[in-house]
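Numbering-wise (this note's numbering), the sequence shown opens with residue 108 and increments by one.
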Amino acid sequence: MPLLTWSNDLSVKIYSIDEQHKNLIALINNLYDAMGAGKGQAALGAILKELVDYTTTHFANEEKLMRAQAYPGYLAHKKEHDNLAAKVNTLQNDFSSGKPVMTVEVMRFLKDWLTSHIKGTDQKYSPFLIGKGVT
Ligand code: FEO
């Protein structure tokens, strides 16, 4: 059973962003499944890297879209991205140095962060960006 499942209540009603969020959910589930299957450090590290890299790409895409339309909530939104990116970088560094950081609590944190960020922050830009013609 996946840790996190896409549903319409997570939609920002912008196709490309919804697709990116679905990919992030899939990567979080991959990492969770790999942990559950007792995969080794190398396999977990590869999936974690993929998740971190994709998160960076997604944040950059979303920020570019907000900047292009002069979204007024951009700076506060970017701050949330930067905070999560810093946490995930620390997580990745700790993992690389052999600390036992890949835990169920970390997976729950990622799941809760993503769902609350999408619902509480990403969905706020939808009316503004859609009003500017973003689809
Ligand atoms: Fe979809 Fe603001 O991250």
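Built from N, CA and C at the ideal position, the CB exists for glycine as well.
Asked: Would you check if the distance between the CB atom of L155 and the CB atom of Q199 is smaller than 8 Å?; Found: yes
Asked: Under 7 Å: does the beta carbon of I121 sit that close to some heavy atom of the ligand FEO?; Found: no
Asked: In the DSSP assignment, find the unbroken alpha helix (DSSP H) run with A144 in it and report its ends.; Found: Element bounds for A144: n/a, residue is neither H nor E.
Asked: Going by beta-carbon coordinates alone, are H224 and E187 separated by less than 8 Å?; Found: yes
Asked: Between the Cα of K239 and the Cα atoms of K218, P179, D140, S118, which residue gives the shortest distance?; Found: P179
Asked: Please identify the residue among D160, S114, R174 whose C-alpha is closest to the C-alpha of A192.; Found: D160
Asked: Just checking my contact of F216 with M209 at CB under 8 Å: how many whole Å lie between their CB atoms?; Found: Actually they do not touch by this definition, with Cβ atoms about 12 Å apart.
Asked: Smallest Cα separation from L131: which of K226, K218, L151?; Found: K218
Asked: Less than 7 Å separating the Cβ of T228 from some heavy atom of the ligand FEO?; Found: yes
Asked: Is the separation between the beta-carbon of L151 and that of I135 shorter than 8 Å?; Found: no
Asked: Among P207, I121, A133, which has the Cα closest to the Cα of L221?; Found: A133
Asked: In whole angstroms, what is the alpha-carbon distance linking S158 and M214?; Found: Before going on, a small fix: residue 158 reads as Leu here, not Ser. So the two alpha carbons sit approximately 12 Å from each other.
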